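Engineer: According to my numbering, the sequence shown is numbered sequentially starting from 431.
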Amino acid sequence: MESLLKLSLSAHYANKPAVLREVTFEIGRGEILGLVGPSGCGKSTLSLAILRLLHLKRGAATGSIEFQGRDLMLLRESEMRALRGKEIGLVLQSPLASLNPALRIGTQLAEAWRAHVKSSREDCNEAIRQMLSTVSLPSDDEFLRRYPSQMSVGQAQRVLIGMAVLHRPALLLADEPTSALDPVTQSEILRLFANLSQRFNMSILYISHDLLSVAAISHRVAVLSAGQIVECAETAQVFRNPQHPYTRALVDSIPLQALNELAGNQHATARTAAAGSSK
Ligand SMILES: Nc1ncnc2c1ncn2[C@@H]1O[C@H](COP(=O)(O)OP(=O)(O)OP(=O)(O)O)[C@@H](O)[C@H]1O
Ligand SMILES: [Mg+2]
Numbered sequence: 431m432e433s434l435l436k437l438s439l440s441a442h443y444a445n446k447p448a449v450l451r452e453v454t455f456e457i458g459r460g461e462i463l464g465l466v467g468p469s470g471c472g473k474s475t476l477s478l479a480i481l482r483l484l485h486l487k488r489g490a491a492t493g494s495i496e497f498q499g500r501d502l503m504l505l506r507e508s509e510m511r512a513l514r515g516k517e518i519g520l521v522l523q524s525p526l527a528s529l530n531p532a533l534r535i536g537t538q539l540a541e542a543w544r545a546h547v548k549s550s551r552e553d554c555n556e557a558i559r560q561m562l563s564t565v566s567l568p569s570d571d572e573f574l575r576r577y578p579s580q581m582s583v584g585q586a587q588r589v590l591i592g593m594a595v596l597h598r599p600a601l602l603l604a605d606e607p608t609s610a611l612d613p614v615t616q617s618e619i620l621r622l623f624a625n626l627s628q629r630f631n632m633s634i635l636y637i638s639h640d641l642l643s644v645a646a647i648s649h650r651v652a653v654l655s656a657g658q659i660v661e662c663a664e665t666a667q668v669f670r671n672p673q674h675p676y677t678r679a680l681v682d683s684i685p686l687q688a689l690n691e692l693a694g695n696q697h698a699t700a701r702t703a704a705a706g707s708s709k
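#1: So, Y443 versus G493, is the Cβ gap smaller than 8 Å?
#2: Determine, using beta-carbon pairs with one atom in the stretch 619 to 637 and one in the stretch 587 to 602, whether at least three such pairs fall under 8 Å.
#3: Using the three-state DSSP reduction, which class does Q658 fall into: helix, strand or coil?
#4: Going by C-alpha to C-alpha distance, which of Q628, A688, G657, V614 sits closest to A645?
#5: Looking at ligand 2, does it come within less than 7 Å of E432, judged from the CB to the closest heavy atom?
#6: Whole angstroms is fine: what's the gap from A710's alpha carbon to A491's?
#7: Heavy atom of ligand 1 less than 7 Å from the Cβ of H639, yes or no?
#8: Looking at the structure shown, is R598 part of a helix, part of a strand, or coil, going by DSSP?
#9: Does the Cβ of L654 have 16 or more other Cβ atoms within 10 Å, making it buried, or fewer, making it exposed?
#10: Going by C-alpha to C-alpha distance, which of G515, P468, F455 sits closest to A679?
#11: Where does L450 fall in DSSP's three states?
#12: From S569 to L611, what does the alpha carbon distance come to, in whole angstroms?
#13: Can you tell which of L450, A448, G460 has its C-alpha closest to the C-alpha of S433?
What follows is the structure, encoded as structure tokens:
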């Protein structure tokens, strides 16, 4: 698979020990890589570092981020600005907090479009409406006139996802994008990510502490623990034969039935046998 992103990053916050210590991985074009790890292990730090935004939180990163043949660490801020939201999109956890409560949805989408494209009002409207239907939202005037508070959380997350893929980025960073949603909406949004990735040949770094949701859409899973990638393998492989103690604990915390459905039985069978023999 053609490589889209290849990085090796270390990061720290002011006067604190390193949060990321030479975190290294690659993402292929069109690939969905799941990144799991316990709270506080540096997942969000990593996605901010990829966007070169860590300084906003008084952090700093060193290393390299090869993306489409360029090292992002060497780009000027103006070049990064042209790339953020256009070639790399970001979706965060709390959709309602990520939208401006004082602006209508249509206005916010138009701003996101105009940040990277100079076009007529008609072309802008057309792009927005097309994108809204891609993420299965209404695209009529009534919807565009709504304020964020007039939408459900699931709708708000679809708006944010639509906004993040408005310019069809090659890479989408999704940082815990479903943790604020109920289980049904969660699985709908997961399907949407998988669908968008296929449709636009878009790579996704899908960050979560929920291994099941990661497994549902990721081709490979990387496990971040204590600032390093301790395991990185194809999703089925991680379930069948988890290597690191944290990964094993994660897999063991998943109900057997779900595990059976997901991972072709091997690990689940081993657990059933173990449970049987301890009776
Ligand atoms: N602005 C900051 N200044 C100092 N330390 C920070 C700052 N932001 C995060 N940290 C610390 O860096 C570490 C990594 O934080 P980060 O938010 O990247 O973790 P995370 O894996 O995304 O966690 P979660 O799953 O809870 O979202 C944590 O120990 C956190 O306390
Ligand atoms: Mg986080």
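The beta carbon of each residue, even a glycine, is placed where N, CA and C say it ideally should be. Since this is a predicted model, take the numbers as computed values, not measurements.
Structural biologist: Let's see:
#1: no
#2: yes
#3: strand
#4: A688
#5: It does not: the Cβ of E432 is nowhere closer than 7 Å to a heavy atom of ligand 2.
#6: No answer is possible for residue 710: the residues shown for the chain start at 431 and end at 709.
#7: Look at H639: its beta carbon is less than 7 Å from one of the heavy atoms in ligand 1.
#8: coil
#9: buried
#10: P468
#11: strand
#12: 22 Å
#13: The residue with the shortest Cα to Cα distance from S433 is G460.
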